[in-house]
Structure formats: structure tokens, C-alpha cells
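Using the numbering used here, read the sequence shown as starting at 23 and increasing by one per residue.
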Amino acid sequence: MTLATVAGNIIFSFRSISWITAGFFLVLVIGFISYYALASRRPRNYPPGPPTLPFLGNLHLFPKTKGFLKFHEWGRKYGSIIGLKLGPQNVVILNDYKHVQELFDKKGSIYSDRPPSHIANDVIYRNKTHILFLPYGEDWRVLRKTLQGLLNVKAVDQLLPIQNAEAIRTMYQILTDPDGWYDHIRRYSTAVILASVFGLQGESFDSPRVKALYHVQDQLTQITELGATLPVDVFPFLKSLPNFLSPWRSWASAIRKEHRELWFGLMRESKLSMQRNKNLDCFLNRMVKDQEKSGLDDEHIAYLGGTLMEAGSDTTASTLLSFLLAMTKFPHALKKCQEEVDAICGVERSPDINDFEKLSYLRATMNETLRWRPVAAGGVPHALTQDDYYDGYFLPKGTILFANAWSIHRTDEFLDADEFRPERFLNNKFGITSNTTGAEDDKRRVIYGFGAGRRVCSGQRLAENSLIVNMAKLVWAFEIKPGAGNIDESVDTGYFGGFLIAPKRFPLQLIPRSATHANVIKEECSASLEYLSRFD
Ligand code: HEM
């Protein structure tokens with residue numbers, strides 16, 4: 023064989039290798055394109071929904087914020103169960119409580135997973151630390167069991183004195199600094215969790231602990247907003263892009279660092295505080311004592327405490343802010359609330375936790391606030407762990423489902439659903455017009471804003487106790503009136519969007535109802551501050 027023949031053979035084999043590589047690459051690209059093009063089409067017998075585009079499915083139609091409003095609009099066109107495609111991902115919206123009851127409540131063993139969240143579960147909360155994002159399974163079960171021990175009815179009702187004392191402090195702060203009402207309300211919900219979970223105080227909205235909590239919350243809301251990062255869960259290949267094309271990676275790492283500093287810092291402070299004051303108790307202390315039995319390490323305990331701060335702060339505060347908004351727009355409800363508390367307390371004392379049973383109009387007002395402006399309006403998504411059939415539809419394994427509280431609370435069963443009418447909950451347990459005495463209806467939830475099924479909010483009772491004690495004290499102590507300027511109650515324009523909705527600041531006057539009311543608040547506040555001084 024001549025040199026030229028050898029060289030020719032080598033060149034030939036190089037050429038054939040590059041042809042093989044190119045061919046392989048081409049097949050890969052075609053396979054990839056075909057997979058995403060086919061996977062973005064609606065499966066057979068899937069619930070109805072808007073038409074899809076190749077690759078995108080309905081991704082281009084999916085709103086960046088306040089998705090629940092679009093889901094509501096689609097509900098009118100397609101019915102109360104809507105099927106969407108986000109690229110290859112199946113997403114189903116449930117706009118009627120019946121679907122939520124049939125799927126989340128009755129088939130909880132297969133409808134209790136969460137959608138994959140690479141950014142949350144693999145970066146910000148790696149090590150399976152955040153109960154809200156955790157997939158359904160053993161790791162979630164351990165955390166949920168721990169929470170059930172801490173947040174059962176008996177344990178939660180032992181926190182009522184803290185809630186009462188912090189509510190009085192809030193009334194005092196509003197009395198002495200009425201312009202700061204928005205932040206005083208936000209401080210309240212964080213302070214209750216700081217005291218009950220960590221045994222610590224959050225005296226003002228500007229105190230470092232409260233500020234730090236709201237900062238990490240804002241960061242988390244921003245990064246989890248649709249469109250804020252590359253859609254790495256919908257198109258997993260995007261996870262492999264280099265750092266310079268994935269700025270979300272360093273952002274998520276920074277959020278993780280901030281979370282860890284806050285949660286571990288609070289845990290350290292809490293442990294020191296418990297050492298100084300042996301008579302004091304808090305959730306963190308109980309979790310540490312129970313560590314051997316539960317098997318939870320320090321990291322999981324710190325994060326569970328932090329998760330409760332996150333879960334309980336914005337949610338409760340936003341609902342109280344919506345309540346104040348409603349009081350300015352629907353003064354007849356305020357008048358009735360005031361008549362009820364006045365009849366029980368007169369002017370000598372503010373309503374407290376011992377009056378709960380007698381406050382039926384107040385309770386109806388609380389339910390109406392949760393119905394009218396559900397804070398997790400679109401619901402927190404669940405995921406399906408096996409193929410299922412429901413109502414003639416096929417729901418494939420992995421489908422993500424939203425129980426859209428906004429629409430569930432606005433079906434035709436609710437008369438004038440956009441009006442704020444607490445009376446609807448006095449006339450009917452569920453606030454609806456039809457007769458509901460059947461056994462099936464008894465299993466209906468009064469409010470769907472706390473979710474449903476096995477992932478239902480663990481803090482509902484704690485939240486409701488906070489809501490009712492603050493609402494009762496606010497209407498007892500203050501005239502709640504619009505300030506100068508327009509108050510926009512529209513959820514579209516007057517509310518912040520994101521994972522949770524909250525009213526934007528609006529012009530509000532909170533005027534003490536009399537000098538006697540003001541004095542009572544001052545006196546009760548002194549006693550409350552003394553009670554709260556047990557916390558560091
Ligand atoms: C008005 C106040 C609140 C509202 C509207 C609310 C709403 C919700 C919703 C919608 C979910 C998701 C449920 C689901 O997936 O079906 C949830 C989960 C959760 N909530 Fe709340 N919540 C509130 C207050 C609280 C409070 C005060 C705490 C505790 C301090 C708390 C702790 C939790 C926890 C731990 C979860 C995660 C449950 C899990 O994934 O297993 N929440 N909440």
C-alpha cells in the first residue's frame with residue numbers, strides 16, 4: 023500500500039466519521055424537535071382549553087402574574103375544568119369546589135405531589151428542607167407529622183394569649199402612628215410567629231428580624247414569578263446551560279445564603295433565649311427536645327421554623343389588609359361588626375380571645391374576606407402521581423393542578439360574588455344561595471383559600487385566630503374611613519401580584535372612636551407589653 027493510499031484511507035475514514043457524527047446529531051435534533059412538538063399537543067380526552075401552538079402549547083398565553091384572572095375568564099368559555107399545555111407539561115385548572123373535593127380531598131393518595139421545582143428544591147432549599155415545595159413522600163411526611171404535633175387545635179389555642187397581646191400592641195402602634203398602619207399590620211403576623219416558633223420578639227416593622235423576613239419573602243416571590251428565570255422545569259435541557267447564560271443560578275444561590283443566615287441566626291438566638299429562661303417554651307424548643315424521636319437534624323428544624331414564618335406572615339397580613347379595604351368600601355359591614363363588639367364589650371375593654379364564640383357577625387366577616395380576596399388566589403399547585411380518569415377526562419401522570427380559589431369563590435352559587443356581604447355566611451354555612459343540608463355538602467370546605475387534600479394549609483386555625491382577634495379589635499377601637507384620594511379595590515389594578523396577592527397601600531384613616539377607647543388601648547397595651555417581655 024502506497025503512502026497516498028494510506029492517506030486516502032485515513033481521510034475517507036475521517037470523512038465517514040464526521041458524516042456519522044453529523045447524521046447522529048441530525049437524528050438527535052429531529053428527535054428532540056419532534057418530541058417537543060408532539061408533547062405540546064393536548065392529550066386525547068384531555069379537559070377543554072385554548073388552542074395550542076407547537077412547542078409552546080399555551081405557554082405564550084399564560085399570564086406572567088395574577089394567572090387566576092385569566093383562569094376565571096377561560097372558565098367562562100371552556101367550563102369549570104380547563105386543560106392547558108405549558109410546552110410538554112400538562113396543567114389543569116379546577117374552577118369549582120366539586121372537582122377539588124373529588125380529586126384533592128377524595129383521592130389524596132395520588133393528588134398530593136408538588137410540581138418539580140429545580141430552583142426551589144435543588145438550589146434554594148436543597149437537602150429537602152422546605153415542606154411547601156417537597157414532593158409527596160417520606161421526607162414530606164416527617165415534616166408534616168412534626169407540624170401536626172405543633173399546630174393541632176389544642177397547641178394552637180395555647181398561643182391565643184400571644185396573639186391577643188400582639189394584637190393590642192398593633193392597635194397601640196396604629197393609635198400612636200396612624201400613617202404607619204400598613205406596616206403595623208404586617209409586623210403583627212411576623213411577630214406572632216417569631217414569639218410562638220422562636221420565642222423571640224419583633225417589636226416594630228423596622229426591627230431587623232421583621233425586615234429580614236420580608237426581604238427574603240420578596241426575593242422568593244420574585245424568583246418564582248413566571249418569566250423571572252428560564253423555564254427550566256418545563257424544558258429541563260435549559261438546566262445544563264452555562265452560568266453566563268443562566269443568571270438565575272447566582273440569584274438563587276444568593277437567596278439560599280440569605281435564607282440560611284436568617285434561619286440559623288434565629289435558631290441560635292432562640293436556643294440562647296431558652297437557656298437564659300428555662301420556663302419559656304416555643305416550637306423550636308419542642309422540636310429540639312424531640313429531635314431523637316423525630317430524627318430531624320438542626321438544619322431541618324431551623325428551616326421548618328423559617329417555613330412557618332414565611333407561610334404565616336404575608337398570608338395573614340394580606341388578609342387583614344383586604345379586610346380594612348373592604349371596611350372602607352362596604353361601611354354597612356363595618357357598622358354591623360361594631361354593633362356586635364359594642365354589645366359584648368361596651369367601652370370598658372376591647373374584645374379578646376374569650377369573646378370568639380359570641381362574635382358570629384365578625385366570623386362571617388372573616389370568612390367573607392377570605393372568600394372575597396383569597397390571598398393565594400390561584401391556589402398552590404398539586405401534582406398527580408399516576409394516570410387518572412375523572413368526569414370522562416384523562417389526566418396523565420405528572421399533571422399539575424391548580425384549585426383556583428378565585429373562581430371557586432365566585433361560582434353562580436354566590437349571589438353578587440364581587441360584593442362584600444358577610445351576611446351570606448350567616449344565612450348559609452358555605453355562603454351560598456342553595457339549600458345545603460345533605461351529607462355530601464357537609465364535607466364541602468367553607469373556604470378554599472387554604473387549599474385542600476393532604477397538603478391543605480397546616481396553619482389555618484392559627485391564621486383564623488389571628489384574623490378574628492385583630493378584626494374585632496380594629497372595629498372596636500377605630501372608625502375605619504377612606505383617606506383623601508381614590509381607593510382602588512380592583513384585584514387587577516389595586517393589588518400586588520405574585521405567588522400571593524396583597525392590596526397596595528391605599529388612603530386610609532383609622533381614627534379612635536373616642537378618648538375612652540384610646541385610653542383602654544393604652545392601658546391594655548401596658549399589660550400586653552409586660553406579658554410579651556418574657557420573649558427576647
Ligand atoms: C390567611 C392565612 C393563610 C392562608 C390563606 C394560607 C393558605 C395556604 C395555602 C393555599 C396552602 C397550600 C395548600 C395546598 O397545597 O392545597 C398553604 C400551605 C401551608 N401553609 Fe398556609 N395559609 C395561611 C396561613 C398559614 C399560617 C399562619 C401557617 C403556619 C404558621 C401556615 C402554614 C402552612 C404550611 C406549613 C403549608 C404547607 C403544607 C404542605 O405543603 O404540606 N399557613 N397555606
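Note that CB positions come from ideal geometry on N, CA and C, so glycine has one too.
Please read all numbers here as calculations on a predicted model, not as lab measurements.
Query: Within this structure, are the beta carbons of PHE528 and ILE509 separated by less than 8 Å?; Result: yes
Query: Please determine, among LYS526, ALA506, GLY507 and GLY505, the residue with the shortest C-alpha to C-alpha distance to THR515.; Result: LYS526
Query: Quick check on the DSSP output: what are the complete beta strand (DSSP E) runs of length 3 or more inside the stretch 60-139, in order along the chain?; Result: 103-108 and 111-116
Query: In whole angstroms, give me the CA-to-CA distance for ARG308 and LEU108.; Result: 43 Å
Query: Between ARG393 and HIS431, which are expected to be in contact by the criterion C-beta below 8 Å, what is the C-beta distance as a whole number of angstroms?; Result: 4 Å
Query: Could you pull out every residue in the same chain whose Cβ sits closer than 6 Å to the Cβ of LEU330, ignoring the five residues on either side in sequence?; Result: ILE215 and VAL219
Query: What is the DSSP secondary structure of HIS152, reduced to helix, strand or coil?; Result: coil
Query: In angstroms, rounded to a whole number, what distance separates the CA positions of LYS357 and GLU511?; Result: 19 Å
Query: Going by DSSP, what residue range makes up the beta strand (DSSP E) through LYS419?; Result: Run containing LYS419: none; DSSP gives neither H nor E here.
Query: Between GLY89 and GLY400, how many whole angstroms is the CB-CB distance? I'm expecting something under 8 Å.; Result: 5 Å
Query: Tell me which same chain residues have a C-beta within less than 7 Å of the C-beta of TYR412, skipping the five on either side of it?; Result: GLU124 and LEU125
Query: Tell me whether VAL402 counts as near the ligand HEM, meaning its Cβ is closer than 7 Å to at least one heavy atom of that ligand.; Result: yes
Query: Which residue wins for smallest C-alpha separation from ASP336, given the options PHE518, PRO76, ALA405 and PRO65?; Result: PHE518
Query: Output the distance between the C-alpha atoms of ALA549 and ALA213, rounded to the nearest integer angstrom.; Result: 17 Å
Query: Determine the DSSP secondary structure at ALA524, reduced to helix, strand or coil.; Result: strand
Query: When the cut-off is 8 Å and only beta carbons count, does GLY507 lie next to chain D?; Result: The structure shown contains no chain D, having only a single protein chain.
Query: Got a sec? Which residues, its chain only, sit under 6 Å from ASP558 by beta carbon, not counting five neighbours each side?; Result: LEU222 and SER295
Query: Looking only at C-alpha atoms, which of LYS99, ILE469, ARG64 and GLU95 sits nearest to GLY105?; Result: ARG64
Query: Tell me whether ALA61 counts as near the ligand HEM, meaning its Cβ is closer than 7 Å to at least one heavy atom of that ligand.; Result: no
Query: Can you find a heavy atom of the ligand HEM that lies under 7 Å from the Cβ of THR338?; Result: yes
Query: Who are the Cβ neighbours of MET23 in its own chain at under 7 Å, not counting the five residues just before and after it?; Result: Confidence at MET23 is low in this model, with a pLDDT of 49, below 50, so its placement is unreliable and no value can be given for it.
Query: Which term fits VAL122, buried or exposed, when burial requires 16 or more other beta carbons within 10 angstroms of its beta carbon?; Result: buried
Query: What is the residue span of the beta strand (DSSP E) that TYR411 lies within?; Result: 410-412
Query: Going by the CB atoms, is the gap between GLY471 and VAL402 shorter than 8 Å?; Result: no
Query: So what does DSSP say about MET23, is it helix, strand or coil?; Result: In this prediction, MET23 has a pLDDT of 49, which is less than 50 and means its spatial position is unreliable; nothing more can be read from the coordinates.
Query: Under 7 Å from any heavy atom of the ligand HEM, does the C-beta of LEU384 make it?; Result: no
Query: Measuring CB atoms only, is the stretch 161-179 touching the stretch 476-494, in the sense that at least three cross pairs come out at less than 8 Å?; Result: yes
Query: Taking the beta strand (DSSP E) that PRO504 belongs to, which residues open and close that run?; Result: 500-504
Query: Using 8 Å as the cut-off, can you tell me whether the stretch 247-255 makes contact with the stretch 186-199, which would need three or more C-beta pairs spanning the two stretches below that distance?; Result: no
Query: Below 8 Å on the Cβ atoms is my guess for LEU346 versus ALA494; work out the distance and round it to an integer in Å.; Result: That belief does not hold up - the Cβ atoms of LEU346 and ALA494 are roughly 13 Å apart, past 8 Å.
Query: For VAL238, which residues of its own chain have a beta-carbon under 8 Å away from its beta-carbon, when the five flanking residues on both sides are left out?; Result: ILE277, GLU280, HIS281, LEU284 and GLU332
Query: Where DSSP assigns a beta bridge to PRO269, which residues make up the other side?; Result: The partner list for PRO269 (beta bridge, DSSP) is empty, contrary to what the question assumes.
Query: Which of helix, strand or coil does DSSP assign to GLN180?; Result: coil
Query: What span of residues does the alpha helix (DSSP H) with ILE533 cover, start to end?; Result: No alpha helix (DSSP H) contains ILE533, which is instead part of the beta strand (DSSP E) from 530-534.
Query: Roughly how many angstroms lie between the CA atoms of ILE207 and SER226, to the nearest whole one?; Result: 10 Å
Query: Count the other C-beta atoms from every protein chain shown that fall within 10 angstroms of the C-beta of ARG98, then say buried if there are 16 or more, exposed otherwise.; Result: exposed
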